[in-house]
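Asker: Below you will find the structure I want to go over with you.
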Amino acid sequence: MFFYAFHSNNVTPSRFIKLETVKGLPVDSQFLLYQYALKHERLDIAKEFSLNQQPRPEYVEDICELFEKFAINTCLDELPEQELIQYFEWFSSNGYNLVVKHYRQLEVTSSTRVIDSCIKILDKFPKCLGVDALSSINRRMFWCQSMATLALLDIAYMTENHISKDLYFTSARMHLQRCQSYVTTHHQETAPEEWSKFSEVVRSLIALYFDSAIRSNQGIEESICAILGICDPNSDPQVLCILADRIISSGLTTPAVYRAFQRATALKLTSGGLCEVLHHFRWLRCLYRFGLKCEENCAKSIVGESHKLVDIATNLRHELSLEMTRELCWEMQWLPIAVYNQSLVFYKDMKNSMSQEWFNEAINLIQEVELKGWDTDSLFRRMSEAYGALTWKTDDPL
C-alpha cells in the first residue's frame with residue numbers, strides 16, 4: 202500500500218490523510234509517507250504526520266539502519282537543497298527526540314549508535330540556513346555531543362580492557378571538545394540548562410580520569426594533563442578543588458600536573474557574579490597547597506591571580522550582603538597569611554632570600570586589599586611589625 206502511495210501520481214491529499222492517521226507505522230513506512238507529503242508540496246501535512254508518529258524505543262535498530270543508509274546515499278547530491286534540508290530535518294529531529302525522551306530506557310550501545318547517526322545527519326545541514334534554523338541545529342548538536350560523551354563514559358566504566366577503555370575515553374573527549382566549541386562560540390545564547398549539562402559532562406569525564414589515575418598511580422600523567430586541558434575559564438572552580446584534593450591525597454603531585462592545573466585556572470575574569478569570585482578565591486587556596494608540593498616559587502603566579510580577583514570583588518562590592526562581605530574578606534586574607542607563614546618557614550630554614558621574596562608578595566597583596574577598603578583588622582601593619590621584629594632580633598640584614 203505504501204509503495205503504491207508513493208509512486209502513484211493519482212493519490213490525493215485525502216487519501217494521504219487516511220494513511221497518515223494510522224498509528225504505530227514501521228519507521229521505513231513513516232519515512233515513505235513523509236517523502237510522499239514533500240513530493241506533493243504538503244509540508245504542513247508532513248510536519249503534522251511526523252508529530253503523530255514519534256519513534257518509540259523499540260524502533261532504535263530500524264531508525265539507525267535507515268539513518269545510516271540515508272547518510273551514505275550517493276543520490277543526495279542530486280536532490281534540490283530545500284528538499285534535502287527537509288529530509289535532514291526528519292531524521293535529525295526524530296532521532297534527537299528518541300534519544301532525549303528515551304535515553305534512560307535504551308541500552309547504552311543503542312544510545313551511542315542513534316546519537317552517532319543524529320550527529321552525522323546534523324553535520325550534513327548546509328551552513329547557509331537562517332539564524333533561527335542554525336541555532337536549533339547547533340543546540341541539537343550540543344545535546345547530542347553531550348549525551349554521546351556520557352554514553353561513552355558509561356561504556357568505559359563497564360570495560361575491563363585498558364586499551365578499549367582508553368579508546369572510549371578518547372572518543373568521549375572528542376565529543377566533549379565539540380560541546381566546548383559550542384559553549385565558547387554561543388556563550389551569550391547558551392541556556393542555563395546547557396551550561397548545567399556541559400558542567401555535568403566535564404565533571405564526569407574528568408572524575409573518570411582521576412579515578413583511573415588514583416587506581417593505577419602510573420602512566421596516567423599525560424591523560425590527566427590532556428583532560429585538564431579541556432577546562433576553560435568558565436570551568437567550575439569547585440570541581441577543580443575536589444580534583445586537586447584527590448590528586449594531592451593520591452601523591453600524584455608532579456610539576457606537569459600542577460602546570461596543567463595552572464592552565465585550567467585561566468582566571469580571565471573580566472566580569473562575573475560574586476559567587477564565582479568567591480569560588481575562585483577558594484580554588485586559589487587549593488592551588489597554593491598543590492603548588493607548595495611542586496614548585497618552590499609558586500607564590501608569585503598565584504598571588505598575581507589573587508590581585509585580579511580583589512579588583513573584581515571590589516567592583517562588585519555594591520551588590521554585597523553583610524554575610525558575603527565577611528566571607529569574601531576572609532577569603533582575601535587567607536592567601537597572604539599562608540604566604541606570610543611560608544616566608545617564616547623559609548626564614549627558619551635559612552633561605553633568607555626566598556623568605557624576603559615571599560614576605561613581599563604577602564605584604565603587597567594584603568596592602569592592596571586594605572587600600573581597596575576591605576577591613577582586615579590592620580593585618581598589613583601587624584605582619585610588617587612581626588616580620589620586622591623577627592629580623593631585628595636575629596640582627597639579620599634582610
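In the numbering used here, the protein residues as written are 202 to 599.
Where is the CB? At the ideal position from N, CA and C, for every residue including glycine.
Taking the alpha carbon of A587 as the reference point, which residue from K573, V570, K552 and S544 has its own alpha carbon closest?
Answerer: In the sequence shown, residue 587 corresponds to position 386, counting from 1. Of the listed residues, the one whose Cα sits closest to A587 is S544.
Asker: Quick check on R314: buried or exposed, where buried means 16 or more other Cβ atoms within 10 Å of its Cβ?
Answerer: Taking the sequence shown and counting its residues from 1, one reaches residue 314 at position 113. Buried: at least 16 other Cβ atoms inside 10 Å.
Asker: Quick check on the DSSP output: the alpha helix (DSSP H) that includes C329 runs from which residue to which?
Answerer: The sequence position of residue 329 within the sequence shown is 128, counting from 1. No alpha helix (DSSP H) holds C329; DSSP gives it neither H nor E.
Asker: Measure the C-alpha to C-alpha separation of K270 and I364 and round it to an integer number of angstroms.
Answerer: As a working note, residue 270 is residue 69 in the sequence shown. As a working note, residue 364 is residue 163 in the sequence shown. Their backbone Cα atoms lie some 30 Å apart in a straight line.
Asker: Should V540 go down as buried or exposed, given a rule of 16 or more other Cβ atoms within 10 Å for buried?
Answerer: The residue you call residue 540 lines up with position 339 of the sequence shown. Buried is the call here.
Asker: Spatial neighbours of C265 within its chain, please: CB distance less than 7 Å, with the 5 preceding and 5 following residues excluded, ordered by chain position.
Answerer: Translated into positions along the sequence shown, residue 265 becomes position 64. The residues are R314, V315 and S318.
Asker: Rounded to the nearest angstrom, what separates I513 and I503 at their Cα positions?
Answerer: Against the sequence shown, residue 513 aligns to sequence position 312. Against the sequence shown, residue 503 aligns to sequence position 302. Distance between the alpha carbons of I513 and I503 is about 16 Å.
Asker: Quick check on this structure: which residue in Q381, N298, S311 and E532 has the alpha carbon closest to the alpha carbon of F343?
Answerer: What you label residue 343 is simply residue 142 of the sequence shown in a count that begins at 1. Comparing Cα-Cα distances from F343 to each of Q381, N298, S311 and E532, the minimum goes to Q381.
Asker: Between which two residues does the alpha helix (DSSP H) holding L529 run?
Answerer: In the sequence shown, the residue the question calls residue 529 occupies position 328. Where L529 is concerned, the enclosing alpha helix (DSSP H) stretches over L523 to K549.
Asker: Tell me which residues share the same chain as E496 and place their Cβ nearer than 7 Å to its Cβ, disregarding the 5 neighbours each side in the sequence.
Answerer: What you label residue 496 is simply residue 295 of the sequence shown in a count that begins at 1. Cβ neighbours of E496 beyond the five flanking positions: P456 and Y459.
Asker: Taking the alpha helix (DSSP H) that D512 belongs to, which residues open and close that run?
Answerer: For the purposes of this step, residue 512 is identified with residue 311 of the sequence shown, where counting begins at 1. Element bounds for D512: A500 to N516.
Asker: E532 and F482 look like a contact to me (Cβ under 8 Å); what is the Cβ gap, rounded to whole Å?
Answerer: Position 331 of the sequence shown, counted from the start, is the residue given in the question as residue 532. Position 281 of the sequence shown, counted from the start, is the residue given in the question as residue 482. Right, their Cβ atoms sit about 4 Å apart.
Asker: Does the stretch 291–298 come close enough to the stretch 337–357 that 3 or more CB-CB pairs lie under 8 Å?
Answerer: Output reads yes: the stretch 291–298 touches the stretch 337–357.
Asker: So for N362, helix, strand or coil by DSSP?
Answerer: Residue mapping note: residue 362 aligns to position 161 of the sequence shown, counting from 1. Here N362 sits in coil by DSSP.
Asker: Is Y358 buried or exposed, if buried means 16 or more other CB atoms sit within 10 Å of its CB?
Answerer: Here residue 358 corresponds to residue number 157 of the sequence shown, with the count starting at 1. It counts as exposed.
Asker: Going by alpha carbons, who is nearest to V570 out of Q283, K509, D367 and K494?
Answerer: Here residue 570 is taken as the residue at index 369 of the sequence shown, counted from 1. If we check each option's Cα against that of V570, K509 comes out closest.
Asker: With 16 other CB atoms within 10 Å as the buried threshold, where does L601 fall?
Answerer: An answer regarding residue 601 cannot be provided, because it is not within the stretch 202 to 599 covered by the chain.
Asker: How many angstroms separate the CA atom of E528 from the CA atom of Y383?
Answerer: Reading the sequence shown from its first residue, position 327 is the one you call residue 528. Reading the sequence shown from its first residue, position 182 is the one you call residue 383. Rounded to the nearest angstrom, the two C-alpha atoms are 34 Å apart.
Asker: Is L572 near I538, with beta carbons less than 9 Å apart?
Answerer: Counted from its first residue, the sequence shown places residue 572 at position 371. Counted from its first residue, the sequence shown places residue 538 at position 337. Not a contact, by the Cβ cut-off of 9 Å.
Asker: Roughly how many angstroms separate the alpha carbons of K501 and G331, rounded to a whole number?
Answerer: As a working note, residue 501 is residue 300 in the sequence shown. As a working note, residue 331 is residue 130 in the sequence shown. Looking at the two C-alpha atoms, the distance is approximately 49 Å.
Asker: Compute the Euclidean distance between the alpha carbons of M555 and E562, then round it to the nearest angstrom.
Answerer: Taking the first residue of the sequence shown as 1, we reach residue 555 at position 354. Taking the first residue of the sequence shown as 1, we reach residue 562 at position 361. Using only the alpha carbons, I get a separation of about 11 Å.
Asker: What are the boundary residues of the alpha helix (DSSP H) that S556 is part of?
Answerer: The residue given as residue 556 occupies position 355 in the sequence shown. From DSSP, the alpha helix (DSSP H) with S556 extends over N553 to L572.
Asker: Taking just the CA atoms, how far does C329 sit from Y288?
Answerer: On the sequence shown, residue 288 is found 87 positions in, with the first residue counted as 1. On the sequence shown, residue 329 is found 128 positions in, with the first residue counted as 1. Their backbone Cα atoms lie some 16 Å apart in a straight line.
Asker: S372 to I356, Cα distance in whole Å?
Answerer: For this step, residue 372 is matched to residue 171 along the sequence shown. For this step, residue 356 is matched to residue 155 along the sequence shown. Cα to Cα, S372 sits roughly 11 Å from I356.
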